[in-house]
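Chains A and B are the protein sequences, given in the same order. Sequential numbering of the first sequence, starting at 4, is according to the numbering used here. Sequential numbering of the second sequence, starting at 4, is according to the numbering used here.
Number of protein chains: 2
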Amino acid sequence: MEIRQLRTFRVVADNLNFTKAADELFMAQSSVSSQIKALEEELKTKLFDRIGRRVLITEAGQKLYEYARRMEDMTDEIRSEISTGQDAQGTLTIRAPETVASVYMPEIVNRFHKDHPRVSFNFINCSDQQLREELNSGRIDLAFLITDSVHFKAVNVKMLKTQRLILVANQTHPLTRKKKITLADLNGHTVLLPKTD
Amino acid sequence: MEIRQLRTFRVVADNLNFTKAADELFMAQSSVSSQIKALEEELKTKLFDRIGRRVLITEAGQKLYEYARRMEDMTDEIRSEISTGQDAQGTLTIRAPETVASVYMPEIVNRFHKDHPRVSFNFINCSDQQLREELNSGRIDLAFLITDSVHFKAVNVKMLKTQRLILVANQTHPLTRKKKITLADLNGHTVLLPKTD
DNA sequence: CGAAATAAATCGTTAGACACGATTGATTTA
DNA sequence: TAAATCAATCGTGTCTAACGATTTATTTCG
Chain A
4 MEIRQLRTFR
14 VVADNLNFTK
24 AADELFMAQS
34 SVSSQIKALE
44 EELKTKLFDR
54 IGRRVLITEA
64 GQKLYEYARR
74 MEDMTDEIRS
84 EISTGQDAQG
94 TLTIRAPETV
104 ASVYMPEIVN
114 RFHKDHPRVS
124 FNFINCSDQQ
134 LREELNSGRI
144 DLAFLITDSV
154 HFKAVNVKML
164 KTQRLILVAN
174 QTHPLTRKKK
184 ITLADLNGHT
194 VLLPKTD
Chain B
4 MEIRQLRTFR
14 VVADNLNFTK
24 AADELFMAQS
34 SVSSQIKALE
44 EELKTKLFDR
54 IGRRVLITEA
64 GQKLYEYARR
74 MEDMTDEIRS
84 EISTGQDAQG
94 TLTIRAPETV
104 ASVYMPEIVN
114 RFHKDHPRVS
124 FNFINCSDQQ
134 LREELNSGRI
144 DLAFLITDSV
154 HFKAVNVKML
164 KTQRLILVAN
174 QTHPLTRKKK
184 ITLADLNGHT
194 VLLPKTD
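Right, dumping it as structure tokens:
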């Protein structure tokens with residue numbers, strides 16, 4: 004039994020839905036399943052009834068829920084009482100493509116702001132030519148790129164996700180008559196693309 | 004922050020000694036060190052002052068100690084309230100060489116009895132010839148062996164520790180005059196050996 | 001009623017965490 | 001002063017846990 008598992012259990016109990024809980028916890032659904040399973044095996048007690056794909060909490064689960072809540076409260080208390088981590092403050096300068104900035108950032112900023120209310124944001128969209136220098140100099144703290152490959156030394160790079168490019172056209176467009184389209188077929192047509200790096 | 008770490012912290016705080024804590028937790032001393040280190044880094048707070056090799060708990064550590072105690076109590080409560088694990092009961096039949104039975108078992112039985120008071124023990128010392136059959140039939144639940152190698156199928160085998168054989172002799176014994184002794188040197192001398200399997 | 005969509009469980013793989021033993025460096029004891 | 005002791009560190013191996021893909025069962029919708 005670990006705090007991590009109790010937290011997962013609490014979120015599942017709140018949602019009565021493994022998939023939503025996984026989203027809320029930024030985990031894979033399979034990981035949620037296995038954590039709950041581990042808890043149930045350790046306690047030798049079912050915590051949820053799975054009727055079809057409906058999830059109901061058992062009596063034992065309700066008992067555990069109270070404990071799990073108290074444990075979470077206590078860990079929060081520990082963090083605020085003992086941790087000298089004076090909450091971060093200052094400004095984060097982030098370079099993000101507009102698509103990323105408008106689609107993903109609002110949710111991220113929202114979450115981050117709850118934990119670190121004294122940090123403000125500064126979004127810019129500098130050119131990719133300057134990017135390397137801007138990062139090295141520290142004028143930019145963080146950058147999101149849409150690209151195939153990155154070769155920056157002295158900078159931490161992490162691949163966050165891959166995304167398929169999907170071609171969208173008006174119903175009347177000649178290309179819609181083809182079953183399969185290759186890059187070559189686009190030759191001569193006007194195509195709108197998200198700006199990549 | 005995990006329950007396991009808080010428990011380790013609590014034991015270290017009780018002993019003010021990393022090595023003793025490691026013994027009590029059946030862990031390596033280095034593991035205790037790294038767990039405490041991880042806690043201190045997560046909370047960005049020193050929990051113990053290491054003055055030389057003397058360990059003192061800090062003010063923050065004392066605060067955390069209270070929380071850690073309460074968390075441990077709560078996990079115990081969860082286990083007893085929710086786990087359907089009706090405490091084990093019955094008899095464990097254990098085959099152990101006399102040296103093992105007299106040197107190691109008292110402490111082990113003592114600990115085990117605290118957790119499972121309704122389990123009684125039955126120690127026997129059957130011959131190694133019968134051992135395989137006794138294990139397979141279930142007449143013996145558990146066996147300790149002092150041996151170089153074990154080749155039992157359908158039985159879980161785990162190496163617990165290796166131990167050096169040390170030769171002890173009276174000061175006047177002729178062999179004491181040699182700086183190094185090989186097995187061949189023992190030829191013709193009477194040697195008392197622990198019974199092995 | 002049948003097809004499509006949805007959700008939890010399972011499986012195999014991989015990456016990360018953790019424990020260990022050995023060693024080091026510092027300090028205390030003999 | 002030498003020996004013993006203890007926590008920290010380092011390198012290594014193992015075990016855990018997260019993941020993506022798939023399966024199975026159920027529900028929803030056409």
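Positions of the beta carbon are idealized from the N, C-alpha and C atoms, including for glycine.
Are the beta-carbon atoms belonging to residue i and residue j less than 8 Å from one another?
i: residue 48 of chain A; j: residue 140 of chain B; result: no
i: residue 170 of chain B; j: residue 184 of chain B; result: yes
i: residue 107 of chain B; j: residue 81 of chain A; result: no
i: residue 24 of chain B; j: residue 64 of chain B; result: no
i: residue 179 of chain B; j: residue 172 of chain B; result: yes
i: residue 121 of chain A; j: residue 144 of chain A; result: no
i: residue 115 of chain B; j: residue 97 of chain B; result: no
i: residue 147 of chain A; j: residue 103 of chain A; result: yes
i: residue 13 of chain B; j: residue 72 of chain B; result: yes
i: residue 66 of chain B; j: residue 84 of chain A; result: yes
i: residue 109 of chain B; j: residue 149 of chain B; result: no
i: residue 160 of chain A; j: residue 138 of chain A; result: no
What's the call for residue i, buried or exposed, on a 16-neighbour Cβ count within 10 Å?
i: residue 38 of chain B; result: buried
i: residue 78 of chain A; result: buried
i: residue 29 of chain A; result: exposed
i: residue 197 of chain B; result: exposed
i: residue 74 of chain B; result: buried
i: residue 177 of chain A; result: exposed
i: residue 31 of chain B; result: exposed
i: residue 189 of chain A; result: exposed
i: residue 19 of chain B; result: exposed
i: residue 168 of chain A; result: exposed
If you compare alpha carbons, which of the options is closest to residue i?
i: residue 5 of chain B; options: B:27, B:43, B:26 and B:21; result: B:43
i: residue 92 of chain A; options: A:105, A:117, A:128 and A:192; result: A:117
i: residue 126 of chain B; options: B:8, B:149 and B:94; result: B:94
i: residue 151 of chain A; options: A:119, A:181 and A:162; result: A:162
i: residue 40 of chain A; options: A:21, A:55, A:27 and A:192; result: A:21
With 7 Å as the limit, tell me which residues of the segment 59 to 76 of chain A have their beta carbon closer than that to any beta carbon of chain B; keep them in chain order.
63, 66, 67, 70, 73 and 74
So, do the segment 25 to 35 of chain B and the segment 55 to 62 of chain B have three or more beta carbon pairs nearer to each other than 8 Å?
no
Between the segment 82 to 116 of chain A and chain B, which residues of the former have CB atoms less than 8 Å from a CB of the latter, in chain order?
82, 84, 85, 86, 87 and 88
Short-range partners of chain A found in the segment 41 to 54 of chain B, where Cβ spacing is below 7 Å
46, 47 and 48
Chain-ordered residues of the segment 7 to 24 of chain B with a beta carbon less than 7 Å from chain A:
7
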